[in-house]
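Chains as they are written, first to last, in my numbering: chain A, 1064 to 1177; chain B, 28 to 137. Here a beta-carbon is modelled for each residue, glycine too, at the ideal position from N, C-alpha and C. As the structure is a computational prediction, the values presented were derived from the model and not from experiment. Below: the structure, in structure tokens.
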Amino acid sequence: NAGVTQTPKFQVLKTGQSMTLQCAQDMNHNSMYWYRQDPGMGLRLIYYSASEGTTDKGEVPNGYNVSRLNKREFSLRLESAAPSQTSVYFCASSETWGRAYEQYFGPGTRLTVT
Amino acid sequence: QKEVEQNSGPLSVPEGAIASLNCTYSDRGSQSFFWYRQYSGKSPELIMFIYSNGDKEDGRFTAQLNKASQYVSLLIRDSQPSDSATYLCAATTGGFKTIFGAGTRLFVKA
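Written as structure tokens, this is what we have:
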């Protein structure tokens, strides 16, 4: 049981390049999330998917797109990378029943845009 | 703008003492609250969640919730050097979304 996995772990891009961050979970969770974490700013929600087939914008969606490929996989795409997108990106998943919706995080992708 | 606020610290406590971490939230509609621990260079790890007013205990950790004051706290008893990390407070808001605070750095001195 791997939990939440993310690839790649590290990436360096030049301004204007594109890339896709991959995320998969094996906990049979309905909801999945993408966050970015910058120093001193905590985790900020980029996009989330409450269930397979749905996606919604979070707090900072500009410059990103997502795809909920199936129940297990949720990818984040940067179409034209900018230095402001240098950050650590975390994927998370949660169940959607009960009251807590506690989230479980992947190991993160450290992205540098030069 | 819905917010979760935490003192950034660092909070420094001696080994064996009680560490007290606090957070406030702005959305009165928030129903569930979480504490995550994050070691440097690692991902957040869930410690506890709470959704009822009062205290919830799990081992050395106690979460406290006061919805009237919009206040959540985490007490760590018998603090160990291995507890040194950043602690993130989070609150649900608007369905499945969760807002995170910026975190409090805790340093436990041996």
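Where A:P1146 falls: helix, strand or coil (DSSP): helix
In angstroms with no decimal places, state the Cα-to-Cα distance between A:T1172 and A:M1090. 20 Å
Against chain A, does B:F88 count as a neighbour if the rule is that its beta carbon must be under 8 Å from one of theirs? no
CA-to-CA distance, B:G36 to B:K83, given in whole angstroms: 24 Å
Beta-carbon proximity list for A:T1120, same chain, < 7 Å, skipping 5 on both sides: Checking the sequence shown, residue 1120 of chain A turns out to be Lys, not Thr. Answer for A:K1120: Y1110, listed in chain order.
Chain B within 8 Å of A:G1105, Cβ atoms only: yes
Find the nearest neighbour of A:S1150 within the set A:P1102, A:T1078, A:A1065 and A:V1067, judged by alpha-carbon distance. A:P1102
Integer-rounded CB distance, given that A:V1067 should sit under 8 Å from A:A1145: Going by Cβ atoms, the distance from A:A1145 to A:V1067 rounds to 26 Å, so no, they are not a contact pair.
Looking at A:E1136: is its Cβ nearer than 8 Å to the Cβ of A:N1093? no
For A:Y1152, count neighbouring C-beta atoms within 10 Å of its own C-beta (all shown protein chains included) and say buried if the count is 16 or more, exposed if not. buried
In angstroms, rounded to a whole number, what distance separates the CA positions of B:D101 and A:Q1080? The residue asked about is misnamed: residue 101 of chain B is Leu in this sequence, not Asp. Looking at the two C-alpha atoms, the distance is approximately 43 Å.
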